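What follows is one structure encoded as structure tokens, with my remarks underneath.
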Amino acid sequence: MKKESKHVKAFKERHAQSGENVIAWADGYIGEMMGKGDKTQHNGVLIVSETRVIFYRKGLMGEVLETIPLKSITSVERQSLLGHRVIRLHASHDDLEFKTFEKEGETSLVNAIEAGRSQQSVSSAKQIENNSDPIEKLKKLAELKNSGVITEEEFNTKKSKLLEEM
1 MKKESKHVKA FKERHAQSGE NVIAWADGYI GEMMGKGDKT QHNGVLIVSE
51 TRVIFYRKGL MGEVLETIPL KSITSVERQS LLGHRVIRLH ASHDDLEFKT
101 FEKEGETSLV NAIEAGRSQQ SVSSAKQIEN NSDPIEKLKK LAELKNSGVI
151 TEEEFNTKKS KLLEEM
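All residue numbers for the sequence shown refer to the UniProt record's numbering, where the first residue is 1 and numbers rise by one.
Below, the structure is given as structure tokens:
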């Protein structure tokens, strides 16, 4: 196991929620080399916890903290060119592009994100099944589909079962 980064330590001390654990992390950056304004390069870490993905950087002049809940991530893109690896996370109202040179770090991040998204999907689907009102179940099911948590196929399968219950 690699040595914990100063950014990970600072995140745990300052911003980790009660009971939140770091599942995976890798050093890298957001922004663009030589970028200005909102394109400024920020070196730090991408962290995956049970519920969210966080980019964190602790510097002399302040902090950069960007988070996306796992349940909001609609797609994950990966790109690799000459050892430079890019992970793009898309959510309905947010995107995050993280760049790293760590092959193992990239792999562990993406695996943790996908596992977390699957877990969020399963727990959301169970919440729907536990609700006794079929109309409410349908509404929640439509919300999950619209937010990208479940696929159209999963939506149609569950919808058919709910309609049979009515």
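Ideal Cβ placement from N, Cα and C applies to all residues, glycine included. Computed from a prediction, not measured in an experiment: that's the story for all the values here.
Residue i in three-state terms, based on DSSP
i	result
His7	helix
Gln79	strand
Phe101	coil
Ile135	helix
Ile23	coil
Ile73	strand
Residue i Cβ short of 7 Å to the ligand ZN heavy atom set
i	result
Glu63	For the structure depicted, the ligand ZN is absent and the ligand set is empty, with no information on it obtainable.
Distance between residue j and residue i (C-alpha atoms, nearest Å)
i	j	result
His93	Val149	14 Å
Leu138	Arg117	21 Å
Leu163	Glu136	12 Å
Lys36	Lys2	32 Å
Met61	Glu4	22 Å
Glu13	Leu70	21 Å
Phe101	Ser160	46 Å
His15	Glu50	14 Å
Glu165	Asp133	10 Å
Glu152	Ala24	30 Å
Thr157	Asp95	30 Å
Ala142	Asp38	35 Å
Gly19	Val64	22 Å
Leu82	Phe155	40 Å
His84	Lys103	9 Å
Asn111	His7	21 Å
Lys9	Leu46	13 Å
Nearest neighbour of residue i, chosen from the options [CA to CA]
i	options	result
Phe98	Tyr56, Ser118, Leu82 and Asn111	Tyr56
Tyr29	Glu50, Lys3 and Glu66	Glu66
Met33	Ala24, Asn43 and Val22	Asn43
Lys58	Glu50, Glu20 and Phe11	Phe11
Leu144	Val8, Thr40 and Thr74	Thr74
Ile54	Gln17, Gln119, Glu154 and Glu104	Gln17
Glu106	Leu82, Ala142, Ala91 and Ala26	Ala26
Ser72	Val45, Gln119 and Gln41	Gln119
Beta-carbon gap between residue i and residue j smaller than 8 Å
i	j	result
Leu89	Val48	no
Arg78	Ile68	no
Ile113	Val86	no
Sheet register partners of residue i (DSSP bridge)
i	result
Arg57	Val64
Leu96	Leu89
Leu46	Ala26 and Phe55
Glu152	Answer is none; Glu152 lacks a bridge partner.
Glu32	Thr40
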